[in-house]
Amino acid sequence: MASAPHTPPTQPQLHSRWLFPPFPTSQLPTVSPSPMEEETYLELYLDQCSTQDALTPSRSPLLSPAVPYDVDMLTSSNPETAFNPQLEEVTETYGSFSAVDLSLLPDELSQENKDQTVIRSKNEIEENCKNQSWQTRLPLSSRMDTGLALNSSSGSSSHSRLHPADGNSAQSSPEKPHSLPLASITPMTPMAPISECSGIVPQLQNIVSTVNLACKLDLKKIALHAKNAEYNPKRFAAVIMRIREPRTTALIFSSGKMVCTGAKSEEQSRLAARKYARVVQKLGFPARFLDFTIQNMVASCDVRFPISLEGLVLTHQQFSSYEPELFPGLIYRMVKPRIVLLIFVSGKVVLTGAKKRSDIYEAFENIYPILKGFKKA
Amino acid sequence: MNNTAASPMSAATSSSGRSTGKSISFTAELQSMMFSLGDARRPLHETAVLVEDVVHTQLINLLQQAAEVSQLRGARVISAEDLLFLMRKDKKKLRRLLKYMFFRDYKSKIVKGIDEDDLLEDKLSGSNNVNKRQKIAQDFLNSIDQTGELLAMFEDDEIDEVKQERMERAERQTRVMDSAQYAEFCESRHLSFSKKGSKFRDWLDCGSMEIKPNVVAMEILAYLAYETVAQLVDLALLVRQDMVTKAGDPFSHAISATFIQYHNSAEGSCMKPYPDSPESTPPPTPTAPSVGSQHSGKTTSGSLGNGSAGQDSAKTKQRKRKKSTAACGVEAHSDAIQPSHIREAVRRYGHKIGPLSPFTSAYRRNGMAFLAC
Numbered sequence: 001m002a003s004a005p006h007t008p009p010t011q012p013q014l015h016s017r018w019l020f021p022p023f024p025t026s027q028l029p030t031v032s033p034s035p036m037e038e039e040t041y042l043e044l045y046l047d048q049c050s051t052q053d054a055l056t057p058s059r060s061p062l063l064s065p066a067v068p069y070d071v072d073m074l075t076s077s078n079p080e081t082a083f084n085p086q087l088e089e090v091t092e093t094y095g096s097f098s099a100v101d102l103s104l105l106p107d108e109l110s111q112e113n114k115d116q117t118v119i120r121s122k123n124e125i126e127e128n129c130k131n132q133s134w135q136t137r138l139p140l141s142s143r144m145d146t147g148l149a150l151n152s153s154s155g156s157s158s159h160s161r162l163h164p165a166d167g168n169s170a171q172s173s174p175e176k177p178h179s180l181p182l183a184s185i186t187p188m189t190p191m192a193p194i195s196e197c198s199g200i201v202p203q204l205q206n207i208v209s210t211v212n213l214a215c216k217l218d219l220k221k222i223a224l225h226a227k228n229a230e231y232n233p234k235r236f237a238a239v240i241m242r243i244r245e246p247r248t249t250a251l252i253f254s255s256g257k258m259v260c261t262g263a264k265s266e267e268q269s270r271l272a273a274r275k276y277a278r279v280v281q282k283l284g285f286p287a288r289f290l291d292f293t294i295q296n297m298v299a300s301c302d303v304r305f306p307i308s309l310e311g312l313v314l315t316h317q318q319f320s321s322y323e324p325e326l327f328p329g330l331i332y333r334m335v336k337p338r339i340v341l342l343i344f345v346s347g348k349v350v351l352t353g354a355k356k357r358s359d360i361y362e363a364f365e366n367i368y369p370i371l372k373g374f375k376k377a
Numbered sequence: 001m002n003n004t005a006a007s008p009m010s011a012a013t014s015s016s017g018r019s020t021g022k023s024i025s026f027t028a029e030l031q032s033m034m035f036s037l038g039d040a041r042r043p044l045h046e047t048a049v050l051v052e053d054v055v056h057t058q059l060i061n062l063l064q065q066a067a068e069v070s071q072l073r074g075a076r077v078i079s080a081e082d083l084l085f086l087m088r089k090d091k092k093k094l095r096r097l098l099k100y101m102f103f104r105d106y107k108s109k110i111v112k113g114i115d116e117d118d119l120l121e122d123k124l125s126g127s128n129n130v131n132k133r134q135k136i137a138q139d140f141l142n143s144i145d146q147t148g149e150l151l152a153m154f155e156d157d158e159i160d161e162v163k164q165e166r167m168e169r170a171e172r173q174t175r176v177m178d179s180a181q182y183a184e185f186c187e188s189r190h191l192s193f194s195k196k197g198s199k200f201r202d203w204l205d206c207g208s209m210e211i212k213p214n215v216v217a218m219e220i221l222a223y224l225a226y227e228t229v230a231q232l233v234d235l236a237l238l239v240r241q242d243m244v245t246k247a248g249d250p251f252s253h254a255i256s257a258t259f260i261q262y263h264n265s266a267e268g269s270c271m272k273p274y275p276d277s278p279e280s281t282p283p284p285t286p287t288a289p290s291v292g293s294q295h296s297g298k299t300t301s302g303s304l305g306n307g308s309a310g311q312d313s314a315k316t317k318q319r320k321r322k323k324s325t326a327a328c329g330v331e332a333h334s335d336a337i338q339p340s341h342i343r344e345a346v347r348r349y350g351h352k353i354g355p356l357s358p359f360t361s362a363y364r365r366n367g368m369a370f371l372a373c
C-alpha cells in the first residue's frame, strides 16, 4: 500500500493499522500528549459530541467534520489489549449510539463490553432492520474513537474505507451477536405481530443512574469552581450540579459516588454522567467511571380511553391499591416484571421501577389487555 | 342510651352554636364526598349539614381525648402515637388506619422516584422520610403491645370487609355511568380533608388548643374525618334500605317503638323489621350475643341475596361492623340520603347492646360512640 494510514477494506488490516503509531496530520496540531492539548482535544470532542447528540440515529455523526481525536494518549496503558476483543465485536449492532461514546476516561474494560451488549439488546427491541446498516457503521466509528489513534484526515478516509467493510459485514452482523462470546444479555426478541401488541410504545421520561468516580472529592472546591453547582452543607451533604445538554441534574457526594437524574434515555444518562465526571476531572480530581448502573427508569404513555379504576381495583385486589382521596391514580404492582404502574382514569399510564427498558415494554404489554377490559364506555 | 351529652342530636344546640359562629363550613365538600361514597348525585344540603355536625363533634371530642393522652405522657404536641393509642381497642379500624398510613408512605416513595425535582426535595429535607409513618406506627405499637395482637396486625392479610363493600358499591355505582359522569364521580372521589389542611385545622379550632397536633397527627385526623363520613354514609344507606318493605319478609310485623319515632310517615307503613338486638336479623346471622358487639346497626338481612361474607363471624366483628349487603343497587334508590337516615344511623350505632358494651372501648366511658375509631 502506498500510504500506511489508508486502510484496506478488511478487518484484519484495520487491526494492523491500529497497531501502528498514530500519524500526525495537518489537522491535528501534534501528537505528543501535553495536558493542555489533551484538554483542547477533549473540548473539541465534547463540543462535537454535544452537536452530535442532537442528531437522529439515522445520521452518521462521523460524516460531520473531523474527528480530531486522540484518546490513545489517555489509554496508553492498554491500547493493544483493549483493542483485540473490541475488534472482534466491531461488527456488532451497536445501535443508535449517535452520541458517540465519550470514553474520555479509562474505563473498566469489562464495564465497557457489558455496556455495549446492553445497549445492543435495547436497540434490538427498538430498531428494525432498516437501520441496521447505520448501526453497524456507527459502532465502527465509535470503536475507533475508543482509544484509537485517529487522525482526522485518515479518519475520514478510513471512514469511507470502512463503509464497504461495513457493507460486507452488515449481512453477517445480525448473526454475529449470537456467536460472540459476550452474547447479548437479552436475546433478540422479535417484535410481536401488530394484532397482538398494543401499538403504543411507552416513552421514557426519567432515568436515574449512579456511578462511582472512585476518588474522594472536595465538595467545596467543586462548588466554587464549577458552573451550575450548588452546595449547602447544612441542608444536604452533596453538590447539586446541572448541565443543559442532556438536561440532567447530578448529586455528587464526597465519597466519589454520583447520582445522575433527568435523562430521557440510557445513553443520555450515561453521556451526562460522563460529562459530570469530566467536569470533576477537569477540576483536578482523578475521577474514574466505575460501575455505571441504571437504578430506575420511568416511562409514560396513554392508552387513549378512560379506565374504570373501581372495577380494576376490585378484580385485581392483590396487585392494586387505589385511594382516590390520597392519590388520583391506581397503583398497580406488577410481579413479573417487577414494575409499578400508576394508572389514571384518563388513560394515562406511568411505569416506574424498571432497571431495563425491556421490563417497561413487557409490563405495558401485560397491562394493556387488562386495561382494555376495564375500558369505560 | 345515655350518650345524650355527646350525641349530635341533643348536642345540636351546642355544636350548631359553634358552627354558626364559625364561617368555615365543609358542606359543599361533604356533599361531593357523600356522592362519591354512595349517595345520590346531588346529596341534600340538610344531610350534609347534619353530617358535618356529627363529624365535627366527634373530631373535637377525639382531639380533646388525644390532648389528654399526650398530656399524660408529658408531650408538647399531639402526635400520631396518641391517636393510635386511642384506637387500640378496635383492631379492624386500627388496621385500616395503618394500611392508610403505609399507603401514604408507599405513594410518596413512588411519586418521588418519578419526578427528579421531588427526588431532590426529598434528599434535601432529610433522608429518613422513607416509611416514616410506618416506623412511627410500628415503634409505638411495639411499645404498647402486651399480648402480641397489635403486632400481629402488621402481618395480617385479611380482607377488610368494610373496604371491600365500599369498593363493590363504588363499582356498582360507576357501572352505569357514562364517561362524563364517571369523570365527575372521580373528581369527587379525590376530595378529602387532608387537601384542605389549613381550613381543616381552623374548622377544628386547633389554634385555640393548648396542645396542638403535629403533621402526621393532622393527616390521621383528616383520615378519621373522612372515615367518619364514609361510615355515616354506609350506615345511612343501610337504614334507608331497611325502610323499604321487602316482600316476603317474615319479620315485617315486628317493629320497635323507638324506630317509629324517626320514621317518616311518608315512608309508608311501618312494616320494617327492626329487631331490638341485631341477633335476630333474618336469614344469616345469629351473631353471638356474648360478643355484645355493639354493632347496634343491623347486620342486614341478606334477604336480597347478596349477603356479604363474614356476616357470621360475629366474634371478629367489632361494634362498627355493619354488614351491609348494600343491595342498594338492586333497589335503585335514586333519592338522596335524608337527615333522618343519618340520625337513625347514629342512634343505632350508639345503642348499647349486650352486657359487655361498657367495656369495649376506652373512650366509651365518655359517652361518645366514635364512628371512625
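In order, the protein sequence lines correspond to chains A and B.
The opening position of the first sequence corresponds to residue 1 in full-length UniProt numbering, with each subsequent residue numbered one higher.
The opening position of the second sequence corresponds to residue 1 in full-length UniProt numbering, with each subsequent residue numbered one higher.
Each residue gets a CB set at the ideal place from its N, CA and C atoms; glycine is no exception.
- CA-CA distance, Cys215 of chain A to Ala272 of chain A, rounds to 19 angstroms.
- Residues of chain A with a Cβ closer than 8 angstroms to the Cβ of Arg104 of chain B are, in chain order, Leu326.
- In this structure, the alpha-carbon of Pro328 of chain A lies about 43 angstroms from that of Asp218 of chain A.
- Only residues of its own chain outside the window of five on either side were considered, and among them His45, Ala48, Val49, Glu52 have a CB closer than 8 angstroms to the CB of Thr27 of chain B, listed in chain order.
- Contact annotation for Leu217 of chain A against chain B: no contact, minimum CB-CB distance about 17 angstroms [criterion: below 8 angstroms].
- Residue pairing by DSSP puts Met241 of chain A in a beta bridge opposite A:Ala229, A:Ala250.
- When only Cα atoms are considered, Leu84 of chain B and Leu94 of chain B end up about 7 angstroms apart.
- For Cys260 of chain A, the uninterrupted beta strand (DSSP E) run begins and ends at 257–263, by DSSP.
- When the five nearest sequence neighbours on each side are left out, the beta carbons in the same chain lying within less than 6 angstroms of the beta carbon of Leu371 of chain A are those of Val303, Ile307, in order along the chain.
- An exposed status is given to Gly74 of chain B, since fewer than 16 other beta-carbon atoms sit within 10 Å of its beta-carbon.
- Listed in chain order, the positions of the region 148–171 of chain B with a beta carbon within less than 7 angstroms of a beta carbon of chain A are Met167, Glu168, Ala170, Glu171.
- At least one CB atom of chain B sits nearer than 7 angstroms to the CB of Lys376 of chain A.
- Here Thr147 of chain B carries a coil assignment [DSSP, helix/strand/coil].
- Only exposed fits Arg76 of chain B, as fewer than 16 other CB atoms lie within 10 angstroms of its CB.
- Under the Cβ distance rule, Ile211 of chain B does not count among the residues neighbouring chain A, no pair being separated by less than 7 angstroms.
- Scanning its chain for C-beta atoms nearer than 6 angstroms, with the 5 sequence neighbours on each side dropped, one finds around Ser36 of chain B the residues Ser188, Arg189, in chain order.
- Comparing alpha-carbon positions, the option among B:Ile114, B:Lys91, B:Gln164, B:Ser25 lying closest to Asp156 of chain B turns out to be B:Lys91.
- At a cut-off of 7 angstroms between beta carbons, Thr293 of chain A makes no contact with chain B.
- Gln318 of chain A and Met334 of chain A have their alpha carbons spaced roughly 10 angstroms apart.
- Within 8 angstroms of the CB of Pro306 of chain A, the CB atoms of chain B belong to Ser179, Tyr182, Ala183, in sequence order along the chain.
- When CB distances to chain B are screened at a threshold of 7 angstroms, the residues of the region 310–339 of chain A falling below it are Glu310, Gly311, Val313, Leu314, Ser321, Glu323, Pro324, Glu325, Leu326, Phe327, Pro328, Ile331, in chain order.
- The beta-carbon separation of Ala263 of chain A and Met241 of chain A, rounded to 14 angstroms, does not stay under the 8 angstroms limit for a contact.
- In its chain, beyond the 5 residues on either side, Val208 have a beta carbon closer than 6 angstroms to the beta carbon of Asn296 of chain A.
- Chain-order list of chain A residues neighbouring Thr47 of chain B: empty, with the shortest C-beta distance near 20 angstroms, by a criterion of under 9 angstroms.
- According to the DSSP assignment, Leu213 of chain A belongs to no alpha helix (DSSP H), since it is labelled neither H nor E.
- Taking 9 angstroms as the upper bound on Cβ-Cβ separation, chain B lies near residues Asn206, Val208 of the region 206–230 of chain A.
- Contact between the region 199–208 of chain A and the region 350–362 of chain A is present, with at least three C-beta pairs closer than 8 angstroms.
- Residues of the region 73–107 of chain B whose Cβ lies closer than 8 angstroms to any Cβ of chain A, in chain order: Tyr100, Phe103, Arg104, Tyr106, Lys107.
- Judged by DSSP secondary structure, Phe200 of chain B falls outside any beta strand (DSSP E) and instead within the alpha helix (DSSP H) spanning 197–203.
- Not a single C-beta of chain A is nearer than 7 angstroms to the C-beta of Gly38 of chain B.
- Per DSSP, Gly353 of chain A is not a residue of any alpha helix (DSSP H); the beta strand (DSSP E) it occupies stretches across 348–354.
- A straight line joining the alpha-carbon of Thr293 of chain A with that of Thr210 of chain A spans about 5 angstroms.
- Under the Cβ distance rule, Gly113 of chain B counts among the residues neighbouring chain A, one pair being separated by less than 7 angstroms.
- The C-beta of Val345 of chain A comes closer than 7 angstroms to at least one C-beta of chain B.
- Cβ neighbours of Phe185 of chain B within its own chain (closer than 7 angstroms, five residues either side excluded): Ser36, Thr174, Met177.
- Taking 7 angstroms as the CB threshold, Val298 of chain A lines the interface with chain B.
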